Each structure stands twice: as structure tokens, then as C-alpha cells.
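Since the structure comes first, as C-alpha cells, the remarks are kept for the end.
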């Protein structure tokens, strides 16, 4: 029984890694579509999000079946509950990638990224992609150094998010209302994406150390 | 055993109702603080959010203990898993109320609601409050007519959300960048709040009918 359970937990972990890999690809394409106003790339993000949703739903089914069949208790039980929460956060990160992709589609053929913020959004996009890739590795390896790196990169994303508002509300801002709306939404999405990764990292930390954290996304 | 389990499920339901009641109070104060630029009211929302977080964490503990002790299967298991998800959404709705309250605090003593959008935000705020109150009743009574009403009111919130962008991007918009940022964020928060309520309503529908829905917030 115990061996079957370990195999099933391994299956859960493999699926989380698979979903996280798709999310990382999605945010990579979404941020590139945003920074390059590439509407074809944006379409692929939007069209393929259903794969992430479907895999997350399947993973939830698997977790529920494990709960039913194996009646895990103590730490094992919390691992399965954590997996349900991690899957919810990954699914949401996929949605946020879609929102970023949609921004480039709405404004096409206009450039979506407002002048004066192109460097900032390239940097935020790179950080989100790095965070997503590190998250996949963290889920695969449970290497806690990666959790620390994700937290540090999230701090950088938060600082950039604040700098967007400083820029938009500053005296030198020459953007139209549409630029202000785009900057506000895009910055918020980039920041939320990174927040979800930090929240998942905390849960993985539990899986590795036994320190349970209440949900906090 | 079965009777104990039913009592524990009742306890879960009671606690969901308790948290939802706090969330409804919080969104009521948050939207009033926003519409009236009442910073004292905003502070109460911000200061009291930890109560919602703590109750949600306690509810999660209870649900995990039920899973461990009772080993529920089939529909009973899904009810407990649904409760974990509902608690996560309620906790998030509390966070969104805080974000709305923070907007009025940031701009104080300036009015936060941009001219030309005061009626729209009053309407969105009223709808969010109504939705939250109906959600509490839905959790208490499992009256599915309320789920339908919540969905209809969410449609109205979505329409108002789009109308905010029409306004802000229209030719008559005279707002400064700060007004545009406030309108964009506030509208997004109001819309997300209602989305979470719809997502919870779907899960309650499962509790009542057995139609499992994958997570979708």
C-alpha cells in the first residue's frame, strides 16, 4: 500500500512539473507577444490555455482519488492537499499569461507597450519567465535554493511594479489614457504572476520540510 | 461515525457562512470608503482582514482533520475538497476588498473616484455587496436561485467593467493619469470580486446537486 502511495505521489509531482512547464512556455510567449506586439504569438497563448486547464483538472481528479483510496494522514495528507492548491495556482498563472497576451491583441496593430516603459516591461517579462522556469525546477527537484531565488526575483518584480506607477503618475508621463490603462493592467498581471509563484514555492517548502503554511495567494 | 461526519460537515458549513459574512461586511465598507473617500472606513477594512485570513486557515485545518479522521469517499470527499476551495476564494475576496480600500487611502485627501465614473462605481459597489450578501445566504441555505442571481449580477458587473474602459478610452475623458490608473484598478478589483463569488456559487451547486466542476477562478 505504502509503495503504491509513493508511486502515486510521484505521479502527482510529475504532473505538477508538466503543468508548470506549460505555464512557463505560456508566460514566455505571452511576455514576448506583449513586448514585440506579436499578435500571432498572443493567439497561441490564448488558444492553448485550455491544455493547462485540462491538466490541472485531471491532476485534481488524481489527488481526490488518492485521498479516497489511500486515506493518507499527517504529512502525506498535507502533501496531497498542497498539490491541489499548487494546481489551482498554476492554473491561475496560465490565466494571467492569457491576460497579458490579450493586451497585445487588443491594441494591435498599435504597439501595446507604452513609450518610456519598454525597458521596464522587458525586465518584468524576463523576471516572470525566469521565475516560472525556476518554479518548474523547484517542483522537480525540491531544491530550496530555488525557492529563495524565486522570492528574490519576486521582490524585483514588485519594485518594477511600483516604478511603473511612479512613471505613469510622474510629470514626464506623456502617455494617452490607453497607454496608462495598458501599463496599469500589464504591470498588475506581471506582479500577480510572480506572487503565485512565491505562494507555490512556500507550499513546496512545506513538502520538503513539513512546515505547513496557510494559503496566501 | 456517519453522524459525527454530518456534524463536522455542518461545522464546516457554519464556518464558511461566518467567513462569508465577514467578507460581505468588508466589501460593504471597502466600496463605501472608496465611493465616499472615507479613509477611516478604509483603515477598518485593512486592519480587520487578518480575521478573515485566520478563520480561513482554521477552516482549512478542520477540513484536513476531517479528511484524516473520517476518510470520506465519493461525494462526501468532494464536499470537503470543495470547502477548501471555497475558503481559498473567500480569503481572496477579502484581499480584494483590502485593495479597494487601499485605493481610497492612497489618494486621500483627494477624491479617489474619478469624475464621470462616480455613478458607475456606486453601481459596481452595490452589486458587489449584493453579491456577497447573496453568497452568504447561498452558503447557508443552498438555495440555487441565489446562485442564478449571483451569476446575473456578475454579468452586470462585467458590463460595467467594460463601460469603465469605454469611458476612460473615449474622447470625452478628461481625467489625469492618476484618475485613469484608479479607474482601471478599481474596476478590475470589483470585477474579480464578483468572479470569485460566481466560482464559489458553482461549487455550492455541486454540494447540492453532485455536479462536480473543475476549479475555474
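Protein chains in written order, with the working numbering: chain A, 1 to 217; chain B, 1001 to 1217.
The beta carbon of each residue, even a glycine, is placed where N, CA and C say it ideally should be.
These numbers were taken from a predicted model, which means no experiment stands behind them.
Within the segment 147-160 of chain A, no residue places its CB atom closer than 8 Å to a CB of chain B. Note that the segment 59-69 of chain A does not touch the segment 1048-1065 of chain B; fewer than 3 beta-carbon pairs, one per stretch, sit closer than 8 Å. Contact with chain B is found for residue 180 of chain A, since one of that chain's Cβ atoms lies less than 8 Å from the residue's Cβ. Scanning chain B for C-beta atoms nearer than 9 Å to the C-beta of residue 188 of chain A yields 1184, 1185 and 1188, reported in chain order.
In this structure, DSSP gives residue 1138 of chain B a helical state, which the three-state scheme calls helix. Rounded to the nearest whole angstrom, the C-alpha separation of residue 1132 of chain B and residue 1204 of chain B is 14 Å.
Residues of chain B whose Cβ lies closer than 7 Å to the Cβ of residue 117 of chain A do not exist; the shortest such Cβ separation is about 12 Å. Those residues of the segment 81-106 of chain A placed with their C-beta closer than 9 Å to a C-beta in chain B are 81, 84, 85, 87, 88, 91, 92 and 95, ordered along the chain. The C-beta distance from residue 46 of chain A to residue 98 of chain A rounds to 5 Å, short enough to fall under 8 Å. Residue 36 of chain A and residue 1145 of chain B have their alpha carbons spaced roughly 47 Å apart. Ranked by how close their Cα comes to the Cα of residue 1120 of chain B, the residues B/1147, B/1164 and B/1092 have B/1164 in first place. With a cut-off of 8 Å on Cβ pairs, the segment 1136-1154 of chain B is in contact with the segment 1189-1209 of chain B, counting three or more such pairs.
Within the segment 1078-1144 of chain B, the alpha helix (DSSP H) runs of at least 4 residues that lie entirely inside it are, in chain order, 1118-1141. Around residue 100 of chain A, the same chain offers 30, 34 and 189 as residues with beta carbons nearer than 6 Å, after the five sequence neighbours per side are excluded. By a beta-carbon distance limit of 8 Å, residue 1093 of chain B contacts residue 1023 of chain B. Their separation comes to about 5 Å. Minimum Cα-Cα distance from residue 1110 of chain B among the listed residues B/1038, B/1206 and B/1174 corresponds to B/1038. Rounded to the nearest angstrom, the Cβ distance from residue 1021 of chain B to residue 1136 of chain B is 5 Å, consistent with a contact under 8 Å. The alpha-carbon separation between residue 15 of chain A and residue 55 of chain A amounts to approximately 8 Å.
Looking only at A/182, A/90, A/114 and A/76, the smallest Cα-Cα distance to residue 25 of chain A is reached by A/90. With contacts defined as CB atoms closer than 8 Å, residue 19 of chain A and residue 129 of chain A fail to qualify as a contacting pair. Here residue 146 of chain A carries a helix assignment [DSSP, helix/strand/coil]. A Cβ-Cβ contact shorter than 8 Å links residue 77 of chain A with residue 1068 of chain B. Its chain contains no residue whose beta carbon lies nearer than 7 Å to that of residue 1106 of chain B once the 5 sequence neighbours on both sides are disregarded. Taking residue 1179 of chain B as reference, the option from B/1075, B/1073 and B/1116 with the minimal CA-CA separation is B/1116. Rounded to the nearest angstrom, the Cβ distance from residue 138 of chain A to residue 13 of chain A is 11 Å, too far for a contact under 8 Å.
Under the DSSP assignment, residue 1004 of chain B falls in the alpha helix (DSSP H) whose first and last residues are 1002-1036. With a 10 Å radius around the Cβ and a threshold of 16 neighbouring Cβ atoms, residue 1161 of chain B comes out buried. Residue 1174 of chain B sits in coil when the DSSP states are folded into three classes, being neither helix nor strand. Look at residue 1039 of chain B here: in three-state DSSP terms it is helix. Of A/155, A/8 and A/17, the smallest CA-CA separation from residue 72 of chain A is found for A/8.
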